[in-house]
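For the sequence shown, numbering that gives the first Met the number 0 gives the first residue as 0, with consecutive numbering after it.
Where is the CB? At the ideal position from N, CA and C, for every residue including glycine.
Values in this document were obtained by computation on a predicted structure and should not be read as measured data.
Single-structure report; data block below.
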Amino acid sequence: MLNKKELFKLYENTDLLTKIFIRIKLKICPFLKMEKYFPRRGEIIDLGCGNGLFTNLLKLGSKERKITGYDLDEKKIQIARKTQEISNSGINFYHADILKIDYPESDVFCLSDVLYLIPYKQQYLILKKCYSSLRKNGLLVIKEIDTKPKWKYLWNFFQETFAVKILNFTLGRNFYFRGENEFKKILSEIGFKVKVIRLDKGYWYPHILYLCYKNNLDTER
Ligand SMILES: C[S@@+](CC[C@H](N)C(=O)[O-])C[C@H]1O[C@@H](n2cnc3c(N)ncnc32)[C@H](O)[C@@H]1O
């Protein structure tokens with residue numbers, strides 16, 4: 000069972016805003032449920048890892064996961080690296096633009112609340128890069144905000160507008176949300192077999208998870 004206190008301890012040396020942010024994020028985002036869909040061992044690349052909250056949670060979930068995180072926001076990467084001063088768990092955090100870098104070969108890619116900040120054509124290129132960099136039977140996990148139900152989507156849109164455009168809390172200028180059917184269409188065009196998990200029960204946000212398999216559809220999870 001994942002221990003939230005252990006996770007908060009990693010952020011002990013960060014500023015007050017980060018400490019508040021991670022506590023709120025854990026309340027409004029189903030990170031604990033998401034973690035269970037990741038294999039317990041193998042290499043994981045977290046694209047757009049932010050301050051490393053979910054990345055650290057994955058590592059706390061299983062020491063056998065070898066994890067690397069990339070983010071465009073240098074300040075967030077510095078915060079993520081601070082957590083490594085405490086845990087020394089071997090996660091590598093890099094400052095990088097995931098649109099520009101080549102991806103290393105990996106067993107799993109994670110895109111958690113990142114694609115909606117990236118223009119549609121570039122989203123497609125990222126997904127294709129993930130597909131070609133995944134090993135056989137590899138998995139891409141995408142966590143996004145669905146466009147349904149409408150009231151949850153609109154609530155999220157309002158909150159994101161505040162975070163991205165007013166507080167500048169997240170890098171980005173516009174939003175590029177896609178609905179479930181559109182996601183499934185482009186992911187299968189690329190070659191993925193897709194399983195959709197809705198994770199919005201009990202949340203004000205329409206959280207949705209896409210488990211995208213390169214070769215097989217693992218229905219055991
Ligand atoms: C809403 S945050 C999500 C962070 C983390 N994945 C999570 O689930 O908590 C979106 C992150 O995507 C990052 N991002 C946006 N565009 C990016 C790009 N082109 N390359 C790398 N990171 C990017 C932002 O800097 C931000 O940290």
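Per the coordinates, the alpha-carbon of Leu-98 lies some 18 angstroms from the alpha-carbon of Ile-185. Burial check for Gln-77: the Cβ neighbour count within 10 Å stays below 16, so the residue is exposed. Between Phe-30 and Leu-46, the C-beta spacing is not below 9 angstroms. In the three-state scheme derived from DSSP, where H, G and I count as helix and E and B as strand, Thr-13 is classed as coil.
Counting only the Cα atoms, Arg-197 lies some 11 angstroms from Leu-210. In this structure, Glu-34 lies away from Asp-106, with their beta-carbon atoms at least 9 angstroms apart.
A direct Cα-Cα distance of roughly 11 angstroms separates Gly-201 from Lys-151. Secondary structure of Val-113 (DSSP, three-state): coil. The shortest CA-to-CA distance from Phe-20 to any of Pro-38, Gly-49, Arg-40 is the one to Gly-49.
Taken through DSSP and simplified to helix, strand or coil, Gly-60 comes out as helix. The beta carbon of Pro-38 is closer than 6 angstroms to none in its chain, skipping five residues each way along the sequence. When DSSP states are grouped into helix, strand and coil, Thr-67 belongs to the strand group.
Annotated three-state conformation of Ser-105 is strand, per DSSP.
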